[in-house]
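Chemist: Sending over a structure as C-alpha cells; questions will come in a sec.
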Amino acid sequence: MKISERIKKVPPYISAEIDKKVADLTKKGIDVITLAIGDPDIPTPENIIKVMEREIHNPAYHRYPAYEGSYEFRCAVARYYSKRFEVELDPDTEVMALIGSKEGIVNTAYAFIDEDDYALIPDPAYPVYKTATLFAGGIPYTMPLLKENKFLPDFTKVDKDIAEKATIMFLCYPNNPTSAVANKEFFEEAIEFAKKYDIVICHDSAYADIIYEDYKAPSILSAKGAKETAIELGSLSKPYRMTGWRIGYAVGNKDIIKALGRIKTNVDSGQFTAIQSAAVEALSGPQDSVEEFRRILTKRRNFVFEALKDMGFDVELPQGTFYIWASVPKGYISASFAEYLVDKAAVVVIPGNAYGEYGEGFFRISLTTPDDRIDEALSRMRKLKF
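Per the working numbering, residue -6 is the first one in the sequence shown, and the count goes up by one each step.
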C-alpha cells in the first residue's frame, strides 16, 4: 500500500493524540484530568436544542441541503455581523455556511495555494493552518508571535521575496493558543500589508465572543479595505457550546467566498439544514446563555490565573479565548513539563511546542473542564516540585 507523500509530511493531530493518551491512561485505572482540549463542558443552550428537535422532523430537510447554506442561516449571520460588529454583509454573495470553521481553513487553503506557493502562518498557531498548507502543496512561512510584541506578527519582518510569492496569510484573534487579542489598528496594518503583496487574508475568528470584562473583539471586516482582500471564518462551537454540531460560516470578500464555494461544492454537500435552523436560533435568539458562559469562564480564568501565579508561574490574565498560556518552569522545556504533569499528577496540558517552534517554553491550559476537576488538577500541581 502506497501512502501519499503529503500524508508523510503532516504530523498526527495533537488533539487526537492527546485523546488517545488519556484513553490509554484511563484504561489503566488512572484518574486523569485533562486541561488540554478546548471543548466546552457546559451543554448547548436548551432553546437551540428545542429548535433542532422540531426541525429534524421536517422531511424537506432530509434531502440535500443548499450548497452555500440555507438562506435563513446566511441572513442570520449577516444580521449578527450588523449588530455585533456594525459590518454589513450581502447574504447572497458574502456569506457561506461551513461544516465547522476547521473545514473552512483547509478548503480556503486549497482554493488559494498552488504547488510551491507560500502561506504566511503565525507561530505558535492552531496546527491546521500549517497542515492545510502542506495538503495543498504550499510552503509554510513562519511569522513569529513573540511575547514582547504581545503575540502579534511583525509584518515588517516578513521577507519581501517571500511576501511576493505568498498567496494567503492566516490570522487568529482572539488567539489560540496564546489568548492574545488584537485591535482594529492591527487589522488595518495587516490589510495594508496584504494588499501591497496581493495576499488573501483568512482570519480565524472562532473566539470572537469568548471575551472578558469590557473588551470587545473586533471583526477584521470592520477595518478599512478588509473586503478587498479578506474573509473571516466564524464558528458557533465556542460561544454556544456546539462543538459537536459542526456549524460555522465564512464571510467577506465575495470573490474569495466564491472560490471557497467552488472547492466545497466539489468535496462536500453542505450541512444538515436542521442544524442550520438551530444555528439561526443561536445567532438570533436570546443571548443570556452566552453571557452566563462568559461568567463561568471568567470565574475559572481568575481562579486558574491566581493559582498559577501563587505557584510561581509566569502568566498573564487573558482578555479572550478560554485558554491560559503560561511559561514552563526553569529547567524544563514544553514537552518535558507536560510529561512531568502527566506522570506525577495525571494532569494533561498541551505543550507549547505542539503549536510551533515559537511555542517552546510555554504550555496551554483550557478552562473547559468542570470547576471541581480544575480545582483538583491545581491541587495536584501544588504538591509537585518545579
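The C-beta atom is built at its ideal place from N, Cα and C for all residues, glycine as well.
#1: Mind checking who Met45 pairs with in its DSSP beta bridge?
#2: Using DSSP's beta-bridge definition, name the partner residues of Trp318.
#3: Do you know offhand how far Arg255's Cα is from Ala210's?
#4: Taking Ile203 as the reference, give the member of Pro33, Tyr6, Pro4, Thr19 with the closest Cα.
#5: Ile26 and Glu350: beta carbons closer than 8 Å?
#6: For Val80, which three-state DSSP category applies?
#7: Within the continuous beta strand (DSSP E) that includes Leu334, where are the two ends?
#8: Can you tell me which of the three DSSP states Tyr111 falls into?
#9: With which residues is Glu386 paired in a DSSP beta bridge?
#10: Does the stretch 243 to 252 come within contact of the stretch 221 to 233, defined as at least 3 CB pairs closer than 8 Å?
#11: Check whether the stretch 62 to 74 and the stretch 259 to 279 touch, using three or more Cβ-Cβ pairs below 8 Å as the test.
#12: Which residue from Gly313, Ala328, Arg375, Lys378 puts its Cα closest to that of Ser359?
#13: Check for me: the alpha helix (DSSP H) holding Ser282 runs from which residue to which?
#14: Give the straight-line distance between the Cα atoms of Tyr348 and Asp116, rounded to the nearest whole angstrom.
#15: Kindly list the residues whose CB is nearer than 6 Å to the CB of Pro167, restricted to its own chain and excluding five residues on each side of it in sequence; keep chain order.
#16: Since Gly254 is in the alpha helix (DSSP H), which residue starts that stretch and which ends it?
#17: Does Tyr351 come out as helix, strand or coil in the three-state DSSP assignment?
#18: Once you ignore the five residues that flank Ile416 on each side, which residues in its own chain have a CB closer than 8 Å to its CB?
#19: From which residue to which residue does the beta strand (DSSP E) around Met136 run?
#20: Within the continuous alpha helix (DSSP H) that includes Ala125, where are the two ends?
Modeler: So, from the listed chains and residues:
#1: Start at 1 with the first residue of the sequence shown, and residue 45 comes out as number 52. Per DSSP, none; premise fails for Met45.
#2: What you label residue 318 is simply residue 325 of the sequence shown in a count that begins at 1. Partner(s): Arg357.
#3: Within the sequence shown, numbered from 1, the residue matching residue 255 stands at position 262. Within the sequence shown, numbered from 1, the residue matching residue 210 stands at position 217. When rounded, the distance between both Cα atoms is 30 Å.
#4: As a first step, residue 203 must be located in the sequence shown, where it is residue number 210. Considering only alpha carbons, the answer is Pro33.
#5: Locating residue 26 in the sequence shown gives position 33, where the first residue counts as 1. Locating residue 350 in the sequence shown gives position 357, where the first residue counts as 1. In this structure, Glu350 does not lie closer than 8 Å to Ile26 by Cβ.
#6: Along the sequence shown, one-based indexing puts residue 80 at 87. If DSSP states are grouped into helix, strand and coil, Val80 belongs with coil.
#7: If you number the sequence shown from 1, residue 334 lands on position 341. Here Leu334 belongs to no beta strand (DSSP E); instead the alpha helix (DSSP H) covers 327 to 338.
#8: Along the sequence shown, read from residue 1 onward, the residue named residue 111 stands at position 118. Residue state, collapsed to three classes: strand.
#9: Outside the displayed range of the chain (-6 to 379) lies residue 386, so it cannot be described from this structure.
#10: yes
#11: yes
#12: Taking the sequence shown and counting its residues from 1, one reaches residue 359 at position 366. The shortest Cα separation from Ser359 among Gly313, Ala328, Arg375, Lys378 belongs to Gly313.
#13: What you label residue 282 is simply residue 289 of the sequence shown in a count that begins at 1. That run of the alpha helix (DSSP H) goes 281 to 303.
#14: Taking the sequence shown and counting its residues from 1, the one referred to as residue 348 is at position 355. Taking the sequence shown and counting its residues from 1, the one referred to as residue 116 is at position 123. Taking the straight line from one Cα to the other gives about 7 Å.
#15: Numbered from its first residue, the sequence shown carries residue 167 at position 174. Correct list, in chain order: Val174, Tyr200, Ala210, Gly313, Thr314.
#16: Residue 254 sits at position 261 when you count from the first residue of the sequence shown. 247 to 260 is the extent of the alpha helix (DSSP H) around Gly254.
#17: For the purposes of this step, residue 351 is taken as the residue at position 358 of the sequence shown. Tyr351 falls in the helix class under three-state DSSP.
#18: Since the first residue of the chain shown is -6 and the last is 379, residue 416 is not available in this structure.
#19: One-based indexing of the sequence shown puts residue 136 at position 143. Met136 -> beta strand (DSSP E) spans 132 to 137.
#20: The residue given as residue 125 occupies position 132 in the sequence shown. Residues 121 to 128.
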